[in-house]
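Taken in sequence, the protein lines are chains A and B.
Letter by letter, the first sequence follows residues 1 to 363 in the working numbering.
Letter by letter, the second sequence follows residues 1001 to 1363 in the working numbering.
Structure, as structure tokens:
Protein chains: 2
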Amino acid sequence: MAKGPTVYHVAERAGVSIATVSFTFRQPDKVKASTRDAVLAAAEALGYVPSASARGLARGRTGALGLFAYDYLLDPAHGRREEGIAASVPAPTEGLGNEDLRLFPLYVDEVQRGVELECWRRGQALLVGGGNPENNEAVLSDIAGRVDGLAIFPRSVPSEALARIARRIPVVEVSESDLNADLDHVTVDNESGIRAITEHLLTVHGMTRLMFLGGMPSSDNDHRLQAFLRTLHDAGLSSARGPNYPCGSDERVAEVVRLLCQGGNLPDAIVCATDQDALVVLDTLAAAGVNVPKDVAVTGFDGIAAGRVVRPSLSTVRQPLEQMGRSMVQLLLDRLDNPEKPPANVHLPVRLVVRESCGCQAA
Amino acid sequence: MAKGPTVYHVAERAGVSIATVSFTFRQPDKVKASTRDAVLAAAEALGYVPSASARGLARGRTGALGLFAYDYLLDPAHGRREEGIAASVPAPTEGLGNEDLRLFPLYVDEVQRGVELECWRRGQALLVGGGNPENNEAVLSDIAGRVDGLAIFPRSVPSEALARIARRIPVVEVSESDLNADLDHVTVDNESGIRAITEHLLTVHGMTRLMFLGGMPSSDNDHRLQAFLRTLHDAGLSSARGPNYPCGSDERVAEVVRLLCQGGNLPDAIVCATDQDALVVLDTLAAAGVNVPKDVAVTGFDGIAAGRVVRPSLSTVRQPLEQMGRSMVQLLLDRLDNPEKPPANVHLPVRLVVRESCGCQAA
DNA sequence: TTGGCAAATCAAAGCGCTTAGATATCTATT
DNA sequence: AATAGATATCTAAGCGCTTTGATTTGCCAA
């Protein structure tokens, strides 16, 4: 691992100046073909690999985009994906890992996948940084120093830290467009999604006593609750229960469900704010011996993989996760091209996916 | 997006030299507490974010690791994941994407996940670069210039390109340890895996006419074929057919299966080199109206998500994919600490997973 | 007080590249 | 053959940080 060759070495070997070496790689047409070949040959012979650090410094751009992949499952409010931190989730190597798709891929993972594919398609380097509750800010700042633009997930970064970073580089966020209104955003049609699944329960299944349940508060979830209430209202109904959102954590969600079971007056359906919530509900109901969908229907929102595999499989609203990631990259690059344009918002459609947990398919 | 503040600005504002600013961030104990606070305050006020390019240039290290996430499905030998390139795979936005887990997560995606988790756990920045058949070398070189160490998948980079890069930074590879013997490697116990699943077919299901089938050639697959033949030999049997590996592509695999069906003499079981191959086999058999596992058993190797979801679900050998990714990071960091140590090889265990396609569970 | 040592701070020299602007080399005209 | 105008190449000045070695400051013992 001897220090590698630099422009100087290549230049010397090719008998040209370092500028010509640089031009050969960055603006090949400025260089006569014969010279170019000589430089390329020298570079090849020497095993020259241009330093991105030096280039970045000289250009004032790193040439990479960043994704701050905050891991919600590392959040104290949930179990944890990391090894041995919470008993509720098996360590990753136990049974050689991820057998049930409960841990991966999640919502964020599919969005990340979209970010990656779009970056690669465009020949963009992508830095993925992972937060964890302890050193979020430090990690974030480190990433920010390495990239030309940053994509982040909702609620993963405090607004003030965000503002600081956004002063230096463009930032695009999923959802939360109300909160950080000066950033670019990718949002989905929560309204239509909740309306579709709620009306499905109402009209197809003839249910009338519905409740909304959600753990973590978020802008998306707020909108979903509102849409839920509006849909009921439009149907001349009201929520079967008071506000069960935001409960605050998976554990609190489970608690609410247990109380419901004990009370003996289950609603016809529990409309959950997210698939994650719905899985907790499903687990808790199963533990209480309640049959889904016979005794109560359950729906989610997001369309994560686990919802397909769990029994009963989860009726939900599928978000275009990959596309959301792609759109983030798009927005970032657009803004890099045109820093002064007003904040943009890409609003994407969602799709109803009916499976077993609402009573549609045979369990 | 005005050019951000630099050490100079922070130093001026805090009334110290730029060296002190740098020390404040990199070696805080060298700086008196009061000075440190002043610097931090100035940095905060100015919204200072250190430039990783400058740091990398000065230090000779970027502080990031790289993963060259070659996408096998973008390879001409397979269908493609990208939109509209091959008819065999729906465009990613069609139906809002990845409904059946056939496209994601694959083998490489789960390994990547392990790389990410381990990097984040250790506070390492991670650059994920994506190759595509057209510009592989360029992308690879670009990544190499950005990182201190690189993790790659088997057969994703020609050996000579690899050698060139390995001259500059440590490279760790999954599998293929025979081929690039001077690199660090993470391998799995192909021998035990194939032996376990083959013996399962032999002893539990009493099958005797087995064949091995695989598409793409690879070191792993070579070993699997050998292990298969040895296992049969040890049982006093021989392969039900000549070598059906490497066929070369998904299409060729399907062709072989179709011929088998037409010939009317199906073996008792088809032991596939990978899950990917097994899925193709399953599809092709289904199209030919052959029942699995009744008419013929099929097994895979890898343990990808799709194998859980497909009907019949796939009996396979599960690799510790996440752990493999984690080990790669481990090896890279170890070597960065100690460049002179001899090439290391982390060899990991696999596990038999019996599901429906071998006839174990009710289909 | 002063000398001596440790702790704190600083000055300055790069790190490897890009890119104006200057210079040299070619081409095409006259 | 001379010269304007391209074209090709080069010179040199950074880009923002780290880090060595020098210098200053602070503290304590003599």
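Just so you know, even glycine gets a beta-carbon here, dropped at the ideal spot from N, CA and C.
All values reported here derive from a predicted model rather than from experimental measurement.
For Ser53 (chain A), return the contacting residues in chain B, with the cut-off set at a CB-CB distance below 7 Å.
Here residue 53 (chain A) refers to the residue found at position 53 when the first sequence is read from its first residue. In chain order: Ser1053, Gly1056, Leu1057, Thr1062.
Between the Cα of Val1309 (chain B) and those of B:Arg1355, B:Pro1320, B:His1233, B:Met1324, spot the shortest distance and give me the residue it belongs to.
As a working note, residue 1309 (chain B) is residue 309 in the second sequence. Nearest of B:Arg1355, B:Pro1320, B:His1233, B:Met1324 to Val1309 (chain B), Cα basis: B:Arg1355.
What does the alpha-carbon distance come out to for the pair Ile1270 (chain B) and Asn1291 (chain B)?
Position 270 of the second sequence holds residue 1270 (chain B). Position 291 of the second sequence holds residue 1291 (chain B). One C-alpha to the other measures close to 13 Å.
Where does Asp100 (chain A) sit, in a helix, a strand or coil, going by DSSP?
The residue given as residue 100 (chain A) occupies position 100 in the first sequence. Correct three-state label for Asp100 (chain A): coil.
Between the Cα of Arg1055 (chain B) and the Cα atoms of B:Ala1011, B:Val1039, B:Phe1023, which residue gives the shortest distance?
Here residue 1055 (chain B) refers to the residue found at position 55 when the second sequence is read from its first residue. For the residues B:Ala1011, B:Val1039, B:Phe1023, the minimum Cα distance to Arg1055 (chain B) belongs to B:Phe1023.
Is Cys247 (chain A) close to chain B, meaning its C-beta is less than 9 Å from at least one C-beta of that chain?
Indexing the first sequence from 1 puts residue 247 (chain A) at position 247. Cβ-Cβ to chain B under 9 Å: no for Cys247 (chain A).
I think Gly1066 (chain B) touches Val1188 (chain B), with their Cβ atoms under 8 Å apart; what is that distance to the nearest whole Å?
Taking the second sequence and counting its residues from 1, one reaches residue 1066 (chain B) at position 66. Taking the second sequence and counting its residues from 1, one reaches residue 1188 (chain B) at position 188. 22 Å between Cβ atoms; not a contact.
Local Cβ density within 10 Å of Pro1028 (chain B), reported as buried at 16 or more and exposed below that
Your numbering for residue 1028 (chain B) matches position 28 in the second sequence. The residue is exposed, with fewer than 16 neighbouring Cβ atoms inside 10 Å.
For Ala1305 (chain B), go through chain A and note every residue whose CB falls closer than 9 Å to its CB, in chain order.
As a first step, residue 1305 (chain B) must be located in the second sequence, where it is residue number 305. Those within 9 Å of Ala1305 (chain B) in chain A are Asn98, Leu101, Phe104, Pro105, Ala305, Val309.
Within the region 168 to 212 of chain A, ranges of the beta strand (DSSP E) (whole runs, at least 3 residues)
171 to 174, 184 to 188
Are the CB atoms of Val1049 (chain B) and Gly1004 (chain B) nearer to each other than 9 Å?
Stepping through the second sequence from its first residue, residue 1049 (chain B) is reached at position 49. Stepping through the second sequence from its first residue, residue 1004 (chain B) is reached at position 4. Yes, these two residues count as a Cβ contact at 9 Å.
At least one CB of chain B closer than 9 Å to the CB of Ile270 (chain A): is that the case?
Mapped onto the first sequence, residue 270 (chain A) falls at position 270. Ile270 (chain A) does not count as touching chain B.
Three-way DSSP call (helix, strand, coil) for Gly1242 (chain B) in this model:
Start at 1 with the first residue of the second sequence, and residue 1242 (chain B) comes out as number 242. In this structure, Gly1242 (chain B) counts as coil in the three-state DSSP scheme.
Please state the DSSP three-state secondary structure of Leu1140 (chain B).
Here residue 1140 (chain B) refers to the residue found at position 140 when the second sequence is read from its first residue. Leu1140 (chain B) falls in the helix class under three-state DSSP.
So, does the CB of Pro217 (chain A) fall closer than 9 Å to a CB anywhere in chain B?
Here residue 217 (chain A) refers to the residue found at position 217 when the first sequence is read from its first residue. By this cut-off, Pro217 (chain A) is not an interface position.
Quick check on DSSP: helix, strand or coil for Arg121 (chain A)?
Taking the first residue of the first sequence as 1, we reach residue 121 (chain A) at position 121. Three-state result, Arg121 (chain A): helix.
My output table needs one value for Ala1227 (chain B): the three-state DSSP class, helix, strand or coil.
In the second sequence, counting from the first residue as 1, residue 1227 (chain B) sits at position 227. DSSP places Ala1227 (chain B) in helix when its eight states are reduced to three.
Hey, is Asp1142 (chain B)'s beta-carbon within less than 9 Å of any beta-carbon in chain A?
The residue given as residue 1142 (chain B) occupies position 142 in the second sequence. Interface residue, yes.
Give me the Cβ distance between Val1346 (chain B) and Arg1318 (chain B), rounded to the nearest whole Å; I'm assuming they're in contact under 8 Å.
Here residue 1346 (chain B) corresponds to residue number 346 of the second sequence, with the count starting at 1. Here residue 1318 (chain B) corresponds to residue number 318 of the second sequence, with the count starting at 1. Not a contact, Cβ separation roughly 17 Å.
Contacts around Asn1221 (chain B), its chain only, beta-carbon distance under 6 Å, and the 5 residues preceding and following it disregarded:
The residue you call residue 1221 (chain B) lines up with position 221 of the second sequence. These residues qualify, in order along the chain: Gly1214, Ala1273.
Buried or exposed: where does Leu333 (chain A) fall if 16 or more other Cβ atoms within 10 Å of its Cβ makes it buried?
Residue 333 (chain A) sits at position 333 when you count from the first residue of the first sequence. Under this definition Leu333 (chain A) is a buried residue.
Proximal chain A residues relative to Glu1116 (chain B), where beta-carbon distance stays under 8 Å
Residue numbering aside, residue 1116 (chain B) sits at position 116 when the second sequence is read from its first letter. Within chain A, the residues near Glu1116 (chain B) are Ala69, Val128, Gly130.
Nearest-angstrom beta carbon gap, Asp1275 (chain B) and Leu1314 (chain B) [assumed within contact, 8 Å]:
For the purposes of this step, residue 1314 (chain B) is identified with residue 314 of the second sequence, where counting begins at 1. For the purposes of this step, residue 1275 (chain B) is identified with residue 275 of the second sequence, where counting begins at 1. Indeed, because the Cβ distance is near 6 Å, the residues count as touching under 8 Å.
What residues in the region 22 to 48 of chain A bring their beta carbon closer than 7 Å to a beta carbon of chain B?
Gly47
With a CB to CB cut of under 7 Å and the five nearest residues on each side skipped, what residues in its chain are close to His1256 (chain B)?
Here residue 1256 (chain B) corresponds to residue number 256 of the second sequence, with the count starting at 1. Sequence check: residue 1256 (chain B) is Val here, not His. The residues are Leu1213, Asn1244, Cys1247.
Which partner residues does Ser315 (chain A) have in the DSSP bridge list?
Looking up residue 315 (chain A) in the first sequence gives position 315. A:Thr299.
Buried/exposed call for Ala181 (chain A), threshold 16 Cβ in 10 Å
Looking up residue 181 (chain A) in the first sequence gives position 181. Ala181 (chain A) should be labelled exposed.
Nearest neighbour of Ile1165 (chain B), chosen from A:Gly47, A:Gly264, A:Leu57 [CA to CA]:
Within the second sequence, residue 1165 (chain B) is the residue found at index 165, counting from 1. That would be A:Gly47, whose Cα lies nearest to the Cα of Ile1165 (chain B).
Please classify Leu232 (chain A): does DSSP put it in a helix, a strand, or coil?
The residue given as residue 232 (chain A) occupies position 232 in the first sequence. In the structure shown, Leu232 (chain A) sits in a helix (DSSP, three-state: H, G or I).
Output, in sequence order along the chain, the residues in the region 167 to 194 of chain A whose CB is closer than 9 Å to any CB in chain B.
Arg167, Arg168, Ile169, Pro170
Does the ligand SAM have a heavy atom nearer than 8 Å to the CB of Val188 (chain A)?
For the ligand SAM, the structure offers nothing, since it holds no ligand at all.
Could you give the residue range of the beta strand (DSSP E) that holds Arg1059 (chain B)?
Within the second sequence, residue 1059 (chain B) is the residue found at index 59, counting from 1. No beta strand (DSSP E) contains Arg1059 (chain B), which is instead part of the alpha helix (DSSP H) from 1052 to 1059.
Just checking: is the beta-carbon of Trp135 (chain A) within a distance shorter than 9 Å of some beta-carbon in chain B?
Against the first sequence, residue 135 (chain A) aligns to sequence position 135. Correcting the residue type first, residue 135 (chain A) is Asn in the shown sequence and not Trp. With 9 Å as the cut-off, Asn135 (chain A) counts as an interface residue toward chain B.
Among B:Asp1100, B:Asp1071, B:Phe1068, whose alpha-carbon lies nearest the alpha-carbon of Ala1305 (chain B)?
Within the second sequence, the letter at position 305 stands for residue 1305 (chain B). The shortest C-alpha separation from Ala1305 (chain B) is found at B:Asp1100.
Spatial distance of Val1021 (chain B) from Val280 (chain A) (CA atoms)
In the second sequence, the residue the question calls residue 1021 (chain B) occupies position 21. In the first sequence, the residue the question calls residue 280 (chain A) occupies position 280. Taking the straight line from one Cα to the other gives about 48 Å.
Cβ shell of Arg224 (chain A) (< 7 Å), same chain only, five flanking positions each side left out
As a first step, residue 224 (chain A) is located in the first sequence; it is residue number 224 there, counting from the start. Closer than 7 Å at Cβ, skipping near neighbours: Asn190, Ile194, Ala273, Phe301.
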